[in-house]
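Numbering-wise, the sequence shown is residues 869 to 1046 according to my numbering. A short write-up of the structure that comes next.
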Amino acid sequence: MNHNLEDRINALVREVPNFPKEGINFKDITPLFGNPEESKNIIKYFSENLKGQKVDVIAGIESRGFLYGFPLALEMNLPFILIRKKGKLPPETISISYDLEYGSAEIEIIKDAVKPGQHVHIHDDLLATGGTAAAAGSLIEKCGANVQGYSFLAELSFLNGQKSLQNISPNIITLLRY
Ligand code: AMP
């Protein structure tokens, strides 16, 4: 067995060229969910990297950010909150819109899910341009809470997504870099 977690997880991520559109090399993380042992190692990796940090709440970004985000919160004995696409959560919600390559999108959270002053760690599966994660951070700040930092299973480094997160939080954990 390969003793390097990064290499083992990388071997389980499936590359799907030209999905969902031409030119996108899609990282399919679903094979990981068929592997309970490595999934537990992923959770351990994130929780160990967060040790000693002031975190009150873990927030997961819809939808793949829920998959390891909630187990991470359980592992750390912390509450978990959902950042969802508009229209999925019951009222009252706080929302924020952000620009996509074409058009715009809107994400939201339940109004009192985070309390002012709390330190929130934001988790998602993949950091691409950083637009989604930056909007999630701004949403947390709009609630009067602080963004402790971010974690991602993978990062597409060539898209420079970390740059758009720096002014929200420079604490960024990523397991895989492409
Ligand atoms: P972005 O806002 O550009 O950082 O995009 C991040 C979101 O899009 C994440 O929630 C990812 O799930 C998804 N995403 C973007 N690019 C990819 C890719 N190449 N493979 C898998 N998911 C992607």
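In this text, a Cβ means the ideal position worked out from N, Cα and C, and glycines have one as well. The structure presented is a predicted model; accordingly, all values stated were derived computationally and were not measured.
Inset, instruction - Pull up the distance between the alpha-carbon of residue 885 and that of residue 984, whole angstroms please. - result: The residue labelled residue 885 in the question sits at position 17 within the sequence shown. The residue labelled residue 984 in the question sits at position 116 within the sequence shown. The alpha-carbon atoms of residue 885 and residue 984 are separated by roughly 43 Å.
Inset, instruction - May I ask whether a heavy atom of the ligand AMP can be found less than 7 Å away from the beta carbon of residue 1042? - result: As a first step, residue 1042 must be located in the sequence shown, where it is residue number 174. Every heavy atom of the ligand AMP is 7 Å or more from the Cβ of residue 1042, so no.
Legend entry - Contact set for residue 913: own chain, Cβ-Cβ below 7 Å, skip 5 residues either direction: Walking along the sequence shown from the start, residue 913 turns up at place 45. Non-local beta-carbon contacts of residue 913 in its own chain, meaning distances under 7 Å to residues more than five positions away in sequence, involve 873, 1043 in chain order.
Inset, instruction - Would you list the residues sitting across from residue 967 in a DSSP beta bridge? - result: For this step, residue 967 is matched to residue 99 along the sequence shown. Residue 967 is bridged to 972.
Legend entry - Whether residue 994 touches residue 910 by CB criterion (8 Å): Working through the sequence shown from its first residue, we reach residue 994 at position 126. Working through the sequence shown from its first residue, we reach residue 910 at position 42. Contact flag unset, no.
Inset, instruction - Could you tell me which residues DSSP puts in a beta bridge with residue 1045? - result: The residue given as residue 1045 occupies position 177 in the sequence shown. In the DSSP output, where bridge partners are listed per residue, residue 1045 has 1023.
Inset, instruction - Answer yes or no: does any C-beta atom of chain B fall closer than 8 Å to that of residue 898? - result: The question asks about chain B, but that chain is absent: this structure has only one protein chain.
Legend entry - Which listed residue (956, 938, 890, 957) has its alpha carbon closest to that of residue 948: What you label residue 948 is simply residue 80 of the sequence shown in a count that begins at 1. Measuring from the Cα of residue 948, the nearest candidate turns out to be 938.
Legend entry - Nearest-angstrom Cα separation, counted from residue 942 out to residue 888: The sequence position of residue 888 within the sequence shown is 20, counting from 1. The sequence position of residue 942 within the sequence shown is 74, counting from 1. If you take the alpha carbons of residue 888 and residue 942, they lie about 32 Å apart.
Legend entry - Delimiting residues of the alpha helix (DSSP H) encompassing residue 905: Sequence index remark: in the sequence shown, residue 905 carries index 37 (1-based). It spans 904 to 917 - the alpha helix (DSSP H) in which residue 905 sits, taken as one unbroken run.
Legend entry - Residue ranges of each beta strand (DSSP E) within the region 916 to 966, 3 or longer: 925 to 929, 948 to 953, all fully within the region 916 to 966.
Inset, instruction - Check residue 901 in the structure and name its three-state DSSP category. - result: On the sequence shown, residue 901 is found 33 positions in, with the first residue counted as 1. Of the three classes helix, strand and coil, the one that applies to residue 901 here is helix, per DSSP.
Legend entry - Cβ-based burial, residue 920 [other Cβ within 10 Å; buried from 16]: Looking up residue 920 in the sequence shown gives position 52. Counting Cβ neighbours within 10 Å, residue 920 comes out exposed, since fewer than 16 surround it.
Legend entry - Beta-bridge partners of residue 990, as assigned by DSSP: The residue you call residue 990 lines up with position 122 of the sequence shown. Paired residue(s): 927, 1018.
Legend entry - Presumed contact (8 Å Cβ cut-off) between residue 1031 and residue 998, rounded CB distance: Here residue 1031 corresponds to residue number 163 of the sequence shown, with the count starting at 1. Here residue 998 corresponds to residue number 130 of the sequence shown, with the count starting at 1. Between residue 1031 and residue 998 a beta carbon distance of about 7 Å is seen, short of the 8 Å cut, so the two are scored as contacting.
Inset, instruction - Pull up the distance between the alpha-carbon of residue 1006 and that of residue 988, whole angstroms please. - result: For the purposes of this step, residue 1006 is identified with residue 138 of the sequence shown, where counting begins at 1. For the purposes of this step, residue 988 is identified with residue 120 of the sequence shown, where counting begins at 1. Rounded to the nearest angstrom, the gap between the Cα atoms of residue 1006 and residue 988 is 12 Å.
Legend entry - Opposing strand residues paired with residue 884 [DSSP bridges]: Here the question's residue 884 lines up with position 16 in the sequence shown. Paired residues: 894.
Inset, instruction - Say whether the region 972 to 984 touches the region 1008 to 1024, bearing in mind that this needs 3 or more beta-carbon pairs closer than 8 Å, one atom from each stretch. - result: Output reads yes: the region 1008 to 1024 touches the region 972 to 984.
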